[in-house]
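Down below is the structure, laid out as structure tokens.
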Amino acid sequence: MNPCVVYFSRTGNTKRFAQAIADMTKAPIFDLTSTQPSALADFDMLILGTPVEGASPAKETVAFVESIPEVKGKKAFLFCTYRAFGNERAMKKIEKMLESKGYMTVEKVSKKGMKPEQTAEFSKELAEVKKALEKQ
Ligand SMILES: Cc1cc2nc3c(=O)[nH]c(=O)nc-3n(C[C@H](O)[C@H](O)[C@H](O)COP(=O)(O)O)c2cc1C
Numbered sequence: 104m105n106p107c108v109v110y111f112s113r114t115g116n117t118k119r120f121a122q123a124i125a126d127m128t129k130a131p132i133f134d135l136t137s138t139q140p141s142a143l144a145d146f147d148m149l150i151l152g153t154p155v156e157g158a159s160p161a162k163e164t165v166a167f168v169e170s171i172p173e174v175k176g177k178k179a180f181l182f183c184t185y186r187a188f189g190n191e192r193a194m195k196k197i198e199k200m201l202e203s204k205g206y207m208t209v210e211k212v213s214k215k216g217m218k219p220e221q222t223a224e225f226s227k228e229l230a231e232v233k234k235a236l237e238k239q
């Protein structure tokens with residue numbers, strides 16, 4: 104697999120999670136607010152992260168996914184950060200949107216209750232990312 108990490112982050116939590124995944128996988132990392140969807144063409148796995156807002160993905164994430172070109176046989180790994188609720192619903196929504204673009208989601212990981220500007224411990228989540236990537 105040749106993955107890239109793409110994320111949106113309003114207050115920094117999802118960015119820190121994204122960076123931890125990129126550090127571990129050595130995958131390139133893109134902030135979706137400054138990335139063209141065509142940049143994904145070089146990669147066969149999309150590792151996509153978003154904050155949960157209103158029990159949905161952030162609207163910026165939704166707009167980006169809507170603009171992704173259709174593909175054949177690519178995979179996705181989804182992650183989110185959230186305070187308390189709505190993570191399952193938000194990730195299901197992205198999964199469905201990506202499915203309509205031709206991406207099969209292999210795993211979804213949520214990180215609850217991060218505080219902006221505080222260090223976070225990602226070892227459990229990173230182990231899940233590693234396991235999912237090794238299976239591909
Ligand atoms: C406008 C807004 C709406 C939010 N809605 C939810 C929500 O529905 N459920 C939840 O658990 N957290 C919610 N949160 C909290 C964020 O999901 C959480 O703080 C997340 O880690 C922020 O990620 P970020 O720092 O990458 O933007 C919301 C935050 C904002 C700013």
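Per the numbering used here: the sequence shown ends with 239, consecutive numbering throughout.
For glycine and all other residues, C-beta sits at the position ideal for the given N, C-alpha and C.
In this text the structure is predicted, and so the values were computed from the model without any measurement.
Terminal residues of the beta strand (DSSP E) in which residue i lies
i: LEU143; result: Premise fails: LEU143 is in no beta strand (DSSP E) and is neither H nor E.
i: LYS165; result: Rather than Lys, the amino acid found at residue 165 in this sequence is Val. Segment 162-170 is the alpha helix (DSSP H) holding VAL165; no beta strand (DSSP E) there.
i: THR184; result: 177-185
i: PRO106; result: 106-110
Nearest-angstrom beta carbon gap, residue j and residue i [assumed within contact, 8 Å]
i: ASN105; j: ASP147; result: 5 Å
i: PRO140; j: PHE167; result: 7 Å
i: CYS107; j: LEU143; result: 7 Å
i: GLY152; j: ALA121; result: 5 Å
Any non-hydrogen atom of ligand 3 within 7 Å of residue i CB
i: LYS196; result: With respect to small molecules bound, the structure shown includes ligand 1 and not ligand 3.
Coarse secondary structure for residue i, derived from DSSP in three states
i: GLU210; result: strand
i: SER203; result: helix
i: CYS159; result: Going by the sequence as given, residue 159 is Ser instead of Cys. Three-state DSSP puts SER159 in a strand.
i: VAL174; result: coil
i: ASP134; result: strand
i: LYS227; result: helix
i: MET148; result: strand
Buried/exposed call for residue i, threshold 16 Cβ in 10 Å
i: PRO160; result: buried
i: ARG119; result: buried
i: GLY176; result: exposed
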